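Single-structure report; data block below.
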Amino acid sequence: SNQQEKDRAVTIRSITNRLLVYWEERKFFMHNLAINMAEFMHESVEEHEGNLQEEELEFAPAALNDSLPEVEDPLQEKNLGTEEDPRPTFISKLLEEPLNDEIIALLHNFKDCFAWHYHEMPGLDRGRVEHMLLIKEGYLPVKHARRRMSMETTESQRRRLGKLVKAGVIRLAMYADWLSNIVPAFKKKTWAVRICVDYRNLNEASPKDEYPRPMADMLVDGAAHNQMLSFMDGNAGYNQIMVAEEDIHKTAFMCPGHIGAFEYTIMPFGLRNVGATYQRAMNSVFHDMIGHSLEVYIDDVVIKSPEEGDHVSNLKKAFLRMRQHKLKMNPKKCVFGVQADNFLGFLVHQRGIEIDKNKEKSIMEALPPRNKKELQSLLGKINFLRRFISNFAGKIQPFSSLLRLKQEQTFKWEEQHQQAFKEIKHYLSNPPVMSPPKR
């Protein structure tokens, strides 16, 4: 191509971190490319067979990396309620007028699509979806033995149960045949009590629902290369689906002390097949939009727009469908009108797909495994990022012998394993920006 074409704009992508770049009739040698570096534009890329002579080339000027936007948008909180009854959600600080006002106005008009409290979730219509609890042949109902709990835990759970009864999430159980125990659990940040039920016996008796979940990689690919994105999270998503009336009695659980026994009218966490039921519901609600203006993975929803000007329209279509089916989102976990954000463990934006920094950090800070179980856990984390690692199978091959160890054999982390681990860490210290396949 001629020089004018070389100075034009399409993205250079490379599996290496060394590039020879033409820019304004000059030649620059780029090395140690990082995610946050400028994307140079070039009409064509030629493979260089020999060694590049660095001393003969100029290094790219720092000015080419100036004024790059942050990878993730800074957010601003917007109150869709009043000072007395605040109803917050979040939008991008980078939105310009008139788009900023249009999105805020749209959120006000459709604030009934969000739930800030349990009592604001009426649940999806039973005619569209409900959760069934089938029992495999040969299994009989199981009643757990009661467990002792501290007075403090009992009182905390009593208060929590009262809120769930008031919201219609649970009701008193009558003549229960299946009866499970509550397991004490607390939220990580606040240490507030959570109601968790030990449904292991019921789950063992339930056949698996083979309804397929979407392939996460394909959804991530679909969310990338869009000018504008909005991310939404189903509010206590599973709790928006009713349990089939004939199966409600199977969810019964006993409470500590004198509180009694209750059963769930809605689909609780911990039951088998709840993910399949919820995905089926979301596919049914958004069936004609999926792959076009939005992507859905269980309770994670992303509204996407290749053109910024289409985003308000795409959001409105999604909100109208949510209003029609009484589907509610968690406004505190939603962000609207952003250029980039995390989706299913990856950072997606118009340029492509990047590794989530937290996932990268967990591997970079990992210590050498001391046993087979720790190695399997480490490789699970690395495998999640395999699409970013060239020759992935070759890089993890040195660990194969350790994975084949029998229980009685000694786990020994040797130099070859450490070198392979260091190579993976080195590669992930400067991962590429992935470009999804063309649609």
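By the UniProt record's numbering, the letter at position 227 of the sequence shown is numbered 227, and the numbering carries on one by one without gaps.
Using N, Cα and C, we set each Cβ at its ideal position, and we do this for glycine too.
Treat the numbers as computed from the prediction; the structure is a model and nothing was measured.
DSSP three-state assignment for residue i, whether helix, strand or coil
i	result
residue 297	strand
residue 435	coil
residue 354	strand
residue 248	helix
residue 263	strand
residue 91	strand
residue 194	strand
residue 209	coil
residue 31	The pLDDT assigned to residue 31 is 40, lower than 50, so where the model puts this residue is not dependable; a value taken from the coordinates is nonetheless given after this. Strand at residue 31.
residue 412	coil
residue 236	coil
residue 290	strand
residue 135	coil
residue 384	helix
residue 369	coil
residue 203	helix
residue 182	strand
residue 241	coil
residue 389	coil
residue 379	helix
residue 304	strand
Given residue i as reference, the closest of the options once Cα atoms are compared
i	options	result
residue 354	328, 332, 384	384
residue 298	312, 343, 263	343
residue 119	141, 143, 290, 167	167
residue 371	421, 403, 217	403
residue 107	146, 150, 196, 318	318
residue 113	233, 201, 224	233
residue 102	227, 310, 216	310
residue 203	133, 213, 339	133
residue 77	211, 333, 426, 356	333
residue 328	338, 117, 80	117
residue 313	87, 359, 110, 141	110
residue 125	401, 254, 322	322
residue 245	315, 386, 127, 430	127
residue 292	152, 225, 243, 325	225
residue 210	413, 165, 278, 230	278
residue 123	393, 431, 325, 436	325
residue 230	104, 418, 437	104
Limits of the alpha helix (DSSP H) - the one that residue i falls within
i	result
residue 218	216-223
residue 426	415-428
residue 109	99-109
residue 124	Per DSSP, residue 124 belongs to no alpha helix (DSSP H) and is neither H nor E.
residue 274	274-285
residue 392	392-396
residue 403	400-403
Cβ neighbours of residue i in the same chain (closer than 7 Å, five flanking residues each side left out)
i	result
residue 143	179
residue 228	305, 308, 311, 337, 339
residue 220	343, 344, 346, 348, 353
residue 378	366, 369
residue 280	129, 211
Start and end residues, beta strand (DSSP E) containing residue i
i	result
residue 79	75-79
residue 230	228-233
residue 314	Per DSSP, residue 314 belongs to no beta strand (DSSP E); it is in the alpha helix (DSSP H), 311-325.
residue 158	Where residue 158 is concerned, there is no enclosing beta strand (DSSP E), although the alpha helix (DSSP H) it sits in stretches over 151-166.
residue 171	170-172
residue 343	340-343
residue 142	Taken as a continuous stretch (DSSP letters only), residue 142 belongs to no beta strand (DSSP E), as it is neither H nor E.
residue 347	346-349
Any non-hydrogen atom of the ligand NAP closer than 7 Å to residue i Cβ
i	result
residue 251	The ligand NAP is absent from the structure shown, which contains no ligand whatsoever.
Residue-level contact to chain B via CB, residue i, 8 Å cutoff
i	result
residue 281	Any reference to chain B falls outside this structure, which holds one protein chain only.
Contacting residues, own chain, Cβ-Cβ under 8 Å from residue i (five flanking each side not counted)
i	result
residue 93	73, 74, 75, 76
residue 275	213, 298
residue 395	389, 420, 423, 424, 427
residue 381	359, 362, 363, 366
6 Å CB neighbourhood of residue i in its chain, flanking five on each side removed
i	result
residue 95	337
residue 115	121, 235, 328
Next item on the list: Pair every Cβ in the stretch 290-306 with every Cβ in the stretch 256-267, then say whether three or more of these pairs are closer than 8 Å.
Entry: Judged by Cβ distances under 8 Å, the stretch 290-306 makes no contact with the stretch 256-267, as fewer than three pairs qualify.
Checklist line | Touching by the beta-carbon criterion (3+ pairs, under 8 Å), the stretch 265-273 and the stretch 350-370 | finding: Taking 8 Å as the limit for Cβ pairs, the verdict is that the stretch 350-370 does not touch the stretch 265-273.
Next item on the list: State whether the stretch 222-238 contacts the stretch 144-157, with contact taken as three or more CB pairs (one from each stretch) at a distance under 8 Å.
Entry: no
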